[in-house]
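One structure is given below, encoded as structure tokens.
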Amino acid sequence: MSHPTSTSTRIPWVDTAKAYGILLVFYGHFAEKWGVLGSDAALLQWKFIYAFHMPLFFFLAGYVHRPEPRTLGEHLYRGLLLRIIPAFLFNLLAALYLIGRRAAAGVETEAPGILFGVLRLFSGKPVINFLTWFLVCLFTVELFHFLLGRKLTSMPRMALGAILSYTLGWLTWRYVGMVVEVTGIPVNFWYLHEAVVAYGLFLAGAAARAAGVFDRPRRAITRLGLLVASAAVAVATFGLNAPQGAVRKTGVIMATGQHGDFFLFPFTALVGIAMVAWLALLTPALRPISWLGRNTLVLFGLNGVLWTDNPLFAQTVAPYFADTLGAVLLGCALVTTAQVAACVPVVWLLNRLVPQLVGRPRGSGPILKALL
């Protein structure tokens, strides 16, 4: 999800993995709403995707992270430019879209309240474009790493840090009421509680990079075998984890601290991440996929704008498809393709006009100069 923060060198397979990840984001959010209408096939696919798609982005953020010597103030400034300013922009765009949609429907817009809701982002809780929770959480995760990363300079230390951070995060959610009472910190203030879990995934990515996990093997046939094996294990295990949630929902939802079993959540998440990584390593270099990978941050924010329309899309599409895995797969794929295609010109426009506000602070455009 994140752009590399200390080097312009990109890792092609990581961009490809992020492209697959963002397609799963669009797909999963639509499948969720289809499932709410009563489709068991859609809910099953939603649960499979949610078992690993957000862990994937935290893992990849750690994989590409390159620390730079800087002060706390410099780090916070970079975090503001790379995470919070884009989150603010996408909350503002979501607010304007919501106001316009209500006005077109002849419904009272409540524009002042909606626009005020955008400002709630700065209390650490996005409410207009909820999907920007990831950017807020990643901001906190990267702050953790700034404070602790100097001690985690080797692969064994990173791996141990990942285990300890995840364990602490899982226990935090297990006893979150007591944690809130003792610390006085509200649940997920700046996504602090979930960031402890996510930092474990971030460090797992950093440890995988240090260990060269995806550098070997290089033979395509071996990578294909690893892809098939990891996919088989992910499919076999995702249904075993049953976090408590809303009606008929038993899947992982990191945004709300819903993880489920202490062992099954990270196991299936890491296996799913490996599956996407091996698939990305086998994928030929294709410009459209690479473009999606380079623009996942913008696409994620725009998906948050369209997210509120998914119930309507699901109601429109569902009657034309049987409740089977294949039919739902086709329907979700068609809607995902249409939504991503609709976002492409907006991504191009934002990158052209205000790259500094969508995670590229070193860029310059016709409105603003480089901010970093």
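So the sequence shown is numbered by the numbering used here: it starts at 4 and just counts up by one.
Each residue gets a CB set at the ideal place from its N, CA and C atoms; glycine is no exception.
From a predicted model like this one, the values you see are computed outputs, not experimental measurements.
**Message:** Considering only their Cβ atoms, is the gap separating L230 from M278 smaller than 9 angstroms?
**Reply:** Taking the sequence shown and counting its residues from 1, the one referred to as residue 278 is at position 275. Taking the sequence shown and counting its residues from 1, the one referred to as residue 230 is at position 227. Yes. Within cutoff.
**Prompt:** With which residues is Q48 paired in a DSSP beta bridge?
**Reply:** In the sequence shown, counting from the first residue as 1, residue 48 sits at position 45. Q48 is not bridged to any residue.
**Nearest residue (CA-CA) to V130, options R221, L95 and L206** = Locating residue 130 in the sequence shown gives position 127, where the first residue counts as 1. Comparing C-alpha distances from V130 to each of R221, L95 and L206 shows the shortest one belongs to L95.
**Message:** Using only CA atoms, which one of H32, V350 and I14 lies nearest to A317?
**Reply:** For this step, residue 317 is matched to residue 314 along the sequence shown. Ranking H32, V350 and I14 by Cα distance to A317 puts H32 first.
**Request:** In angstroms with no decimal places, state the Cα-to-Cα distance between T19 and A344.
**Result:** By 1-based counting over the sequence shown, the position of residue 19 is 16. By 1-based counting over the sequence shown, the position of residue 344 is 341. Whole-angstrom Cα-Cα distance: 17 angstroms.
**Request:** Report the three-state DSSP secondary structure of I256 (helix, strand or coil).
**Result:** Within the sequence shown, residue 256 is the residue found at index 253, counting from 1. Three-state result, I256: strand.
**8 angstroms contact criterion, which W310 and L134 should meet: CB distance rounded** = Sequence index remark: in the sequence shown, residue 310 carries index 307 (1-based). Sequence index remark: in the sequence shown, residue 134 carries index 131 (1-based). Right, their Cβ atoms sit about 6 angstroms apart.
**Prompt:** Of all the alpha helix (DSSP H) runs that stay within the bounds of the region 82-115, which reach a length of 4 or more residues?
**Reply:** Taking only runs of at least 4 residues, the alpha helix (DSSP H) segments lying wholly in the region 82-115 are 88-107.
**Asked** Within the 9 angstroms Cβ cut-off, does R290 reach chain B?
**Response** Protein chains in the displayed structure number just one, and chain B is not present.
**Request:** Determine the extent of the alpha helix (DSSP H) in which S168 is found, giving its start and end residues.
**Result:** Position 165 of the sequence shown, counting from 1, holds the residue named residue 168. First-last of the alpha helix (DSSP H) with S168: M158 to R177.
**Message:** Quick check: what's the CA-CA separation for A198 versus P269?
**Reply:** Locating residue 198 in the sequence shown gives position 195, where the first residue counts as 1. Locating residue 269 in the sequence shown gives position 266, where the first residue counts as 1. Straight-line Cα distance between these residues: approximately 15 angstroms.
**Request:** Write down the C-beta distance between W136 and G260 rounded to the nearest angstrom, noting that I regard them as a contact closer than 8 angstroms.
**Result:** Looking up residue 136 in the sequence shown gives position 133. Looking up residue 260 in the sequence shown gives position 257. About 11 angstroms; that fails the 8 angstroms criterion.
**Message:** Output needed for A283: all residues of its chain with C-beta closer than 7 angstroms, excluding positions within five of it in sequence on either side, in chain order.
**Reply:** Along the sequence shown, read from residue 1 onward, the residue named residue 283 stands at position 280. Taking A283 as the centre and dropping the five residues before and after it, the same chain places the C-beta of W16, T19, A20 and Y23 closer than 7 angstroms to its C-beta, in chain order.
**Prompt:** Can the beta-carbon of P58 be found less than 9 angstroms from the beta-carbon of G304?
**Reply:** Along the sequence shown, read from residue 1 onward, the residue named residue 58 stands at position 55. Along the sequence shown, read from residue 1 onward, the residue named residue 304 stands at position 301. Going by C-beta atoms, P58 is not nearer than 9 angstroms to G304.
**Message:** With the cut-off set at 9 angstroms, would you say G65 and R212 are in Cβ contact?
**Reply:** In the sequence shown, counting from the first residue as 1, residue 65 sits at position 62. In the sequence shown, counting from the first residue as 1, residue 212 sits at position 209. Between G65 and R212, the gap from beta carbon to beta carbon is short of 9 angstroms.
**Prompt:** Any idea if F60 is buried or exposed, counting beta-carbon neighbours within 10 angstroms, 16 or more meaning buried?
**Reply:** Walking along the sequence shown from the start, residue 60 turns up at place 57. Counting of Cβ neighbours within 10 angstroms places F60 among the buried residues, the total reaching 16 or more.
**Prompt:** Can you tell me the Cα-Cα spacing of A44 and L79, whole angstroms?
**Reply:** Taking the sequence shown and counting its residues from 1, the one referred to as residue 44 is at position 41. Taking the sequence shown and counting its residues from 1, the one referred to as residue 79 is at position 76. Approximately 43 angstroms, taken between the alpha carbons.
**Message:** When you compare the CB positions of L371 and V357, do they come within less than 9 angstroms of one another, or not?
**Reply:** Working through the sequence shown from its first residue, we reach residue 371 at position 368. Working through the sequence shown from its first residue, we reach residue 357 at position 354. A contact, by the Cβ cut-off of 9 angstroms.
**Message:** Which residue wins for smallest C-alpha separation from H262, given the options P246, T271, V274 and V308?
**Reply:** To locate residue 262, count along the sequence shown from 1; it is residue 259. Looking from the CA of H262, the closest CA among P246, T271, V274 and V308 belongs to P246.
**Prompt:** Can you round the beta-carbon distance between L353 and R81 to whole angstroms, since I take them to be within the 8 angstroms contact cut?
**Reply:** Looking up residue 353 in the sequence shown gives position 350. Looking up residue 81 in the sequence shown gives position 78. The beta carbons of L353 and R81 sit about 20 angstroms from each other, so the pair does not count as a contact at 8 angstroms.
**Prompt:** Going by alpha carbons, who is nearest to L332 out of G366, N313, W37 and Y194?
**Reply:** One-based indexing of the sequence shown puts residue 332 at position 329. Ranking the options by Cα distance to L332, first place goes to W37.
**Item:** Residues of its chain near G215, where Cβ-Cβ distance is below 7 angstroms and the 5 sequence neighbours each way are ignored
**Value:** Position 212 of the sequence shown, counted from the start, is the residue given in the question as residue 215. Cβ neighbours of G215 beyond the five flanking positions: none.
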